[in-house]
Amino acid sequence: MALIDPAEFFIKQASSIEGTLMPSLNSIDLTPQVHLDYQCRFGNFNVNPAEFFHLNSKLVRGSTRKIAANPEHVNSVIQSYIETSYNPAPESVDDMDASPIVAFELWRQQVPEYLHGLGQHSVERYYAFDTLVLTGNTLNKVLPGKSILWTDRLLTEAQLTAFNNALYGVAAEALSQSSSVLMIVGCPWRYMMMYGPRGYRKMLIDIGFVLSALNPAFEDGKAMMIDHFYDNEIDRILGLDGIERSIQTIIICADKALDVVDSATSEDKK
């Protein structure tokens, strides 16, 4: 049985999207579809997880939950983290050839020009997420405000193949044309320890702010954001726990416009 595209389903409905489309009382959900989460949400005993997050992250007057309100204290925490985390001293490394330290200028020669500004501007925005760039089989971590990168790991051929297969509904040739893959790893608890659930919202806003610098590359077709992927599979490949650190978005990067057919109209990957 073919799966129903949620957007196509709603387009064909006669009533407006604002009105809840209630299924027949005699219907049985044999094949769960995402649009049914919307249809049946008033009949469910449990709140949809996405709606629950939105409700739980609201700031309510009179709540006993206290969030960080002193900007000086918050900025002090952020600056302390950025200045001390992953801050190796090159002179302390005996064998530079085996060192995980990568000079920023050398790395710039390996990636598209529009990635050169990563971590160099609005450094405080990088506090609640990690920025990883995969070039070849080398996964480097951008260190905000520093002139070096950190080699996180080297991926095997099997891991690279698994990574490609974990991208949902996107043409496989996109990776073959790319020179690098930019990945944003969310670390929401860095904010949530100060702001509670609302910290997750702040993390997402910061990610959007940083990625806005890539808009020219998106418009020129040199960068393509992968909206959907199998999160747990990507997390395992990157060595993430999937909770405190988990993949948020993936961007395919190339030096010239990607020649990729939009897979949104193609058959879903099984």
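When we follow this note's numbering, the leftmost residue of the sequence shown carries the number 1, and every step to the right adds one.
From the three backbone atoms N, C-alpha and C, an ideal C-beta is built for every residue, glycine too.
* Would you kindly report the start and end of the unbroken alpha helix (DSSP H) that includes V123? => Segment: none, V123 is in no alpha helix (DSSP H) and carries neither H nor E.
* Write down the C-beta distance between L115 and V133 rounded to the nearest angstrom, noting that I regard them as a contact closer than 8 Å. => 7 Å
* Pick out whichever of E124, P197, L143, R236 has its Cα sitting closest to the Cα of F163. => R236
* Would you check if the region 187-200 and the region 48-60 touch, i.e. whether three or more CB-CB distances between them fall below 8 Å? => yes
* Does the beta-carbon of G199 have 16 or more other beta-carbons within 10 angstroms, so that it is buried, or is it exposed? -> Classification for G199: buried.
* Among the residues of its own chain, which have a CB less than 8 Å from the CB of W150, if the five just before and after it don't count? -> Y86, P88, P100, I101, V102, N140, K141, L143
* **Beta-ladder partner(s) of A223, from DSSP** => C253
* Could you have a look at K202 and say whether DSSP puts it in helix, strand or coil? => helix
* Asked: Looking only at its own chain, which residues have a Cβ that is under 6 Å from the Cβ of R108, when we skip the five neighbours before and after it?
  -> H116
* Asked: In its own chain, which residues sit with a C-beta less than 8 Å from the C-beta of D206, not counting the 5 before and 5 after it?
  -> R125, Y126, Y127, A128, F129
* Might you give, ordered along the chain, the residues of its own chain that have their beta carbon closer than 7 Å to the beta carbon of N137, omitting 5 neighbours on each side? => L154, L155, L160
* Exposure of R65, with buried meaning 16 or more beta-carbon neighbours within 10 Å -> exposed
* Asked: Where does the unbroken alpha helix (DSSP H) through V74 begin, and where does it stop?
  -> According to the DSSP assignment, V74 belongs to the alpha helix (DSSP H) that extends over 71-84.
* Report the residue from S76, G62, G119 whose alpha carbon sits nearest the alpha carbon of S147. => Of the listed residues, the one whose Cα sits closest to S147 is G119.
* Where does G186 sit, in a helix, a strand or coil, going by DSSP? -> G186: strand per DSSP, three-state reduction.
* Asked: Is DSSP giving I243 helix, strand or coil here?
  -> The answer is coil: DSSP assigns I243 none of H, G, I, E or B.
* Asked: If we count the other Cβ atoms within 10 Å of its Cβ and call it buried at 16 or more, is R61 buried or exposed?
  -> exposed
* Asked: Are I252 and S178 close, meaning C-beta to C-beta below 8 Å?
  -> Result yes, Cβ atoms of I252 and S178 sit closer than 8 Å.
* Check whether A257 and D227 have beta carbons under 8 Å apart -> No, the pair does not count as a contact, with Cβ atoms beyond the cut-off.
* Asked: CA-CA distance, I250 and N75?
  -> If I take the Cα positions, the gap works out to 28 Å.
* To do: Starting from I101, follow its DSSP beta bridges and name the residues at the other end.
  => W150
* Asked: DSSP puts K141 in a beta bridge; with which residues?
  -> Partner(s): L132, W150.
* Excluding sequence positions up to five away, which residues of its chain have a Cβ less than 7 Å from the Cβ of M203? -> Cβ within range, chain order: A128, F129, G186, P188, Y191.
* For M224, does the count of other Cβ atoms within 10 angstroms reach 16, so buried, or fall short, so exposed? -> buried
* For L175, I'd like the list of residues in its chain whose CB is within less than 6 Å of its CB, leaving aside the five on either flank, ordered along the chain. => N164
* **Minimum C-alpha distance to Q79 - residue among S122, F53, F104, E51** => Per the Cα distances, S122.
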